[in-house]
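Residue numbers for the sequence shown follow our numbering, beginning at 9 and rising by one. Idealized CB from N, CA, C, for every residue including glycine. Input: a single structure, listed below in structure tokens.
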Amino acid sequence: MKTKKQIVECVPNFSEGRDLTKIEKIVNPFKNKKGVKLLGYERDADHNRLVVTVIGEPDPLKEAVIEVMGVAIEVIDMRKHKGQHPRMGAIDVVPFIPIKNFSIEEAVSLSKEIAKIAAEKYKLPIFLYEKSAASPNRENLSIIRKGEFEGMAEKIKQPEWKPDYGPAEIHPTAGVTAVGARVPLIAYNINLNTNNLEIANNIARSIRHINGGLRYCKAIGVVLKERGIVQISINMTDYTKTPLYRAFELVKIEAKRYGVNIIGSEIVGFAPMEALVDTAVYYLGLEKFSTEKILEARMMD
9 MKTKKQIVEC VPNFSEGRDL TKIEKIVNPF KNKKGVKLLG YERDADHNRL
59 VVTVIGEPDP LKEAVIEVMG VAIEVIDMRK HKGQHPRMGA IDVVPFIPIK
109 NFSIEEAVSL SKEIAKIAAE KYKLPIFLYE KSAASPNREN LSIIRKGEFE
159 GMAEKIKQPE WKPDYGPAEI HPTAGVTAVG ARVPLIAYNI NLNTNNLEIA
209 NNIARSIRHI NGGLRYCKAI GVVLKERGIV QISINMTDYT KTPLYRAFEL
259 VKIEAKRYGV NIIGSEIVGF APMEALVDTA VYYLGLEKFS TEKILEARMM
309 D
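Below, the structure written as structure tokens:
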């Protein structure tokens with residue numbers, strides 16, 4: 009019997025969004041590698057962050073991710089890193105998402121295997137998060153990352169924050185990394201026509217779940233210095249339960265309180281087709297519509 013090919017996605021985030029030479033060195037191991045396909049990568053100079061999206065079969069993807077982590081440690085020095093996005097390490101976070109013939113349980117096992125190997129190979133402290141977390145207080149990445157790189161040296165010495173793998177002290181230049189398995193997440197940013205960060209932070213606070221806002225929504229306010237505006241940087245952790253349009257509309261409502269408007273939004277990385285279909289259905293008032301009515305989707309069957 010022929011074994012069905014397994015496909016898993018990895019979306020590693022690196023603390024480098026400005027130096028193009030370093031960025032190319034980081035993504036290079038994902039290129040032209042059998043069993044691995046680099047779907048794309050996006051850098052943000054204001055966030056000073058690189059988001060890479062890659063898919064592949066478990067074993068070759070594992071090898072590529074471990075190699076890339078080593079490259080990032082070589083080229084990124086967190087002691088010199090400054091950016092708008094929260095971060096605690098050169099390889100800030102490495103999530104694995106099951107795509108085809110691959111369960112979330114298998115993604116958890118893969119994440120733990122890679123975390124163990126990378127921690128030993130690079131003397132890098134690693135926390136497991138989301139579905140891979142060993143305890144509930146480590147499921148939420150923002151809780152693990154609180155204190156960021158600058159505060160992690162002291163935090164990691166506390167017994168309750170001993171890393172799952174690696175030494176109980178930060179890597180001097182690469183900091184700390186979080187590795188885990190999760191369901192598909194959509195990184196979604198909404199831009200406002202103001203440079204007032206306080207307004208962005210207030211809106212972010214009102215929409216995120218931890219402060220009583222939308223379920224499955226994480227949000228922070230950031231400054232986009234190059235454009236002279238602020239942004240609500242959002243992670244939608246389960247688009248099937250809280251759709252994108254709901255976050256957009258709530259931001260629009262809250263922005264009116266401060267006399268500002270939305271001037272655009274963006275998806276960082278890739279998004280499931282279903283998430284965009286849900287948004288189209290809402291704004292166009294479509295009835296009895298689904299992905300089955302999308303030509304390209306039917307062509308791929």
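Would Pro20 and Ala72 qualify as a contact pair, given that the criterion is a beta-carbon distance under 7 Å? As a first step, residue 20 must be located in the sequence shown, where it is residue number 12. As a first step, residue 72 must be located in the sequence shown, where it is residue number 64. No.
Helix, strand or coil for Leu258? Go by DSSP, reduced to three states. Numbered from its first residue, the sequence shown carries residue 258 at position 250. Reduced to three states, the DSSP call for Leu258 is helix.
Using DSSP with H/G/I as helix, E/B as strand and the rest coil, what is Met96? By one-based count along the sequence shown, residue 96 stands at place 88. Coil, per DSSP.
Per-residue DSSP class, three states only, for Asn269: Position 261 of the sequence shown, counting from 1, holds the residue named residue 269. Correct three-state label for Asn269: coil.
Pull up the DSSP beta-bridge partners for Val44, would you. Sequence index remark: in the sequence shown, residue 44 carries index 36 (1-based). Paired residue(s): Gly64.
With a threshold of 8 Å, are at least 3 pairs of Cβ atoms found where one atom belongs to the region 193 to 213 and the other to the region 224 to 234? A contact exists between the region 193 to 213 and the region 224 to 234.
Going by beta carbon distance, what residues of the same chain come within less than 6 Å of Ala53, once the five residues before and after it are set aside? Here residue 53 corresponds to residue number 45 of the sequence shown, with the count starting at 1. For Ala53, where only same-chain residues beyond five positions count, the Cβ hits under 6 Å are Gly25, Arg26.
Would DSSP call Glu3 helix, strand or coil? The shown model of the chain, from 9 to 309, leaves out residue 3, and the question about it has no answer.
Just the C-alpha distance for His310 and Val187, rounded to the nearest angstrom, thanks. What the structure shows of the chain is the stretch from 9 to 309, and residue 310 is not part of that stretch, so it cannot be assessed.
Cβ-Cβ distance between Val207 and Val259 below 7 Å: In the sequence shown, residue 207 corresponds to position 199, counting from 1. In the sequence shown, residue 259 corresponds to position 251, counting from 1. According to the sequence displayed, residue 207 carries Ile and not Val. At a Cβ-Cβ threshold of 7 Å, Ile207 and Val259 do not count as neighbours.
At what residue ranges does the region 184 to 231 contain a whole run of the beta strand (DSSP E), taking only runs of 3 or more? 185 to 189, 194 to 200, all fully within the region 184 to 231.
Could you tell me whether the region 87 to 99 touches the region 111 to 118, using the rule of 3 or more Cβ pairs below 8 Å? Between the region 87 to 99 and the region 111 to 118 there are fewer than three C-beta pairs closer than 8 Å, too few to call the two in contact.
Could you name the residues of the same chain whose beta carbon sits closer than 6 Å to that of Glu274, not counting the 5 residues immediately before and after it, in chain order? Sequence index remark: in the sequence shown, residue 274 carries index 266 (1-based). Residues Asn197 of the same chain have their beta carbon placed closer than 6 Å to that of Glu274, with the five preceding and five following residues left out of the count.
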